[in-house]
Structure formats: C-alpha cells, structure tokens
Amino acid sequence: MKWETKNANLTGHVIDVDTTGNRVKLRAASFETLDSYNDVIHQKSFKKTISENFPRIKHLREHDIKMLIGKPVEMVESSEGLDVVSDIAPTALGKETLTLIEGGYLTENSIGYQVVKATRDETKGIRHIQEVKLWEYSSVGVGANEYAINLKSIHPKDQLKELFVKMEVLQKHLHTGNISDETCQLMEIQLLQVKSCIEDLLEKSLTIVEPEIISTPELVVEPVEVKNQYIPLAEFYKAYKN
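If you read the sequence shown in our numbering, its first letter stands for residue 34, the second for the next number, and so on.
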C-alpha cells in the first residue's frame, strides 16, 4: 500500500477552536466529493481504521513528523466527512498552531493515509475509495500535494541523497535502544513516507528504456547512472516491504 496525502477539499475546514482547553475541531477529509486527484472518498472509509488504529493516529503540521502538535480525542464519520476533535499539545509549536488556526492563517486540513480498498471507473478516470488506513492528519497552510513534493521537483540523484539521509536518521534512532512508543509510531510514519518515495523512484527507473537509436553520449549516460543508483534503494524497499 502506498502512502498518500489528500487535502480535505473545499468542504474541509476548522469547525471550532478552544484556546483555553487546547482543542480544535476540524474536518480532516470530505465524503462523496471529487477532488483534484480524481478521487472520491466514500462514507465508512475510515470505520475500520478508527476502530483498530485510533491510538496511533497523530495530528501533525504539514505532514512533518518533526512537527507533532497533538492527537485525536474524538473521531467520527459524519454524513459529510471525517470530523475530528484534536487535543493540542501545550508546546510552543502547539500554542503557535492554535493561534494561527484561531487567526485564520491555518485554514486547511490534510490526511496522510494508505488506500486499502478502492475501485476505478476507467471510463471517467475516477478512483472510488472505500477503505483507508489513516496514519495522521495535518494542519496545512495550503492544500496538500503528494508527500515530498519538494523532492520530486529536484534531480533523481539529489532525491536519492535526501532519502539516504532520512534512512540514516531512522537507523540512528533504532540504534539508541531506548525509544518510546510514540517515537516508534512517528518513525513508522516517516518510514512509510520514505517507502512511498522509493516506490515512485523505482517505478520511474523501470520506465527508463536503454537508448538504442540515440547516439548522443550525454543522453545515454544520465539514465544509466540514475538506474544503477536504484539498487540499494530496491534492497532497502524489499527489506521493509512486509
């Protein structure tokens, strides 16, 4: 299952803010609306993940695990979408987030999830999502794009460097031997994000066709160089695939 992010679309909004109680009520996802990804999330898509995964779900800023700001205390599927009451941590970042939400600077929400069940209408090009596994929901300044859009805008070799840095950080955390459950959960979110980027890179590498007709050396060398660097990524992905 691939990690994805999705903005709550036009119906996503902050419902209420309680700065005294450090809580915010928001709509994290919308139902029965066609979004910019040509997806429609249907009612009951979150029923199983709420039942089985609720204690592990986190409230982040901008899908960044280093910006943990809270956790859900209530999560229900209304007729219009996934409504969440979030307990915001009394940290500097948490207080800042509440201030930004109350002031109308942070007005959009986004979810980080994996699709479990979906069907596709090939004639219309629409994916109908019936079940997701929710990992986190985020307060965002703008509608969420795919994770690591900043990585996807740079050269593949630089993407690899960034991914290796993230993997090294994860390894260092694992070697400490003293990790809290919450840290483990955040690391799992990070790992899923890294795996998603690896999947994208591997998919792109499989579409690279070795040039047979093109004789320009510059055009031949670059794809070969990039393709060779996918080997360690492929091994890492294989190790964590299951």
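Idealized CB from N, CA, C, for every residue including glycine.
The structure displayed is predicted, hence computed values, not measured ones.
Closest Cα partner of residue i within the set the options
i: Pro-88; options: Glu-95, Pro-105, Gln-76 and Val-73; result: Pro-105
i: Gly-103; options: Ile-121, Glu-113, Ile-74 and Asp-116; result: Ile-121
i: Gly-54; options: Val-173, Thr-156, Arg-160 and Leu-131; result: Leu-131
i: Glu-164; options: Arg-56, Val-47, Glu-85 and Ser-69; result: Glu-85
i: Val-173; options: Asp-97, Lys-35, Glu-141 and Asp-154; result: Glu-141
i: Tyr-146; options: Asp-154, Ser-171, Thr-156 and Glu-135; result: Ser-171
i: Glu-113; options: Thr-38, Gly-127, Lys-157 and Lys-77; result: Lys-77
i: Leu-101; options: Glu-107, His-92 and Val-109; result: His-92
i: Lys-39; options: Thr-156, Arg-56 and Asn-71; result: Asn-71
i: Val-149; options: His-75, Val-109 and Lys-128; result: His-75
i: Ser-143; options: Val-109, Ala-125 and His-96; result: His-96
i: Ile-222; options: Gly-136, Gly-137, Glu-65 and Lys-99; result: Lys-99
i: Glu-65; options: Leu-139, Glu-110 and Arg-56; result: Glu-110
i: Leu-126; options: Tyr-138, Ser-69, Lys-157 and Arg-94; result: Arg-94
i: Lys-157; options: Leu-67, Gly-136, Glu-129 and Tyr-138; result: Leu-67
Per-residue DSSP class, three states only, for residue i
i: Thr-156; result: coil
i: Ala-181; result: Here the model assigns Ala-181 a pLDDT of 32, short of 50, so the residue's position is not dependable, and the following value carries that caveat. The answer is coil: DSSP assigns Ala-181 none of H, G, I, E or B.
i: Leu-139; result: coil
i: Glu-65; result: coil
i: Thr-130; result: helix
i: Leu-252; result: Note that Leu-252 has pLDDT 44, beneath the 50 cutoff, so the model's placement of it is unreliable and no number is given.
i: Asn-261; result: Confidence in Asn-261 is poor, its pLDDT being 48 and thus under 50, which makes the residue's placement unreliable; the coordinate value appears in the next sentence. Of the three classes helix, strand and coil, the one that applies to Asn-261 here is helix, per DSSP.
Contact belief for residue i with residue j at Cβ below 8 Å, rounded distance in angstroms
i: Lys-166; j: Thr-82; result: 5 Å
i: Ala-61; j: Leu-115; result: 5 Å
i: Val-227; j: His-161; result: Going by Cβ atoms, the distance from Val-227 to His-161 rounds to 28 Å, so no, they are not a contact pair.
i: Val-118; j: Lys-80; result: That belief does not hold up - the Cβ atoms of Val-118 and Lys-80 are roughly 18 Å apart, past 8 Å.
i: Ile-159; j: Val-47; result: With a Cβ gap of about 28 Å, Ile-159 and Val-47 do not count as contacting.
i: Glu-169; j: Ile-90; result: 6 Å
Bounding residues of the alpha helix (DSSP H) (the contiguous stretch that carries residue i)
i: Gly-114; result: Note, Gly-114: premise wrong, no alpha helix (DSSP H); beta strand (DSSP E) at 114-121.
i: Lys-81; result: 80-86
For residue i, the first and last residue of its enclosing beta strand (DSSP E)
i: Gly-103; result: 97-110
i: His-75; result: Where His-75 is concerned, there is no enclosing beta strand (DSSP E), given that its DSSP letter is neither H nor E.
i: Lys-91; result: 91-94
Residue i beta carbon near the ligand FMN (any heavy atom closer than 7 Å)
i: Lys-81; result: This structure lacks the ligand FMN; in fact it carries no ligand of any kind.
Residue-level contact to chain B via CB, residue i, 8 Å cutoff
i: Lys-104; result: Any reference to chain B falls outside this structure, which holds one protein chain only.
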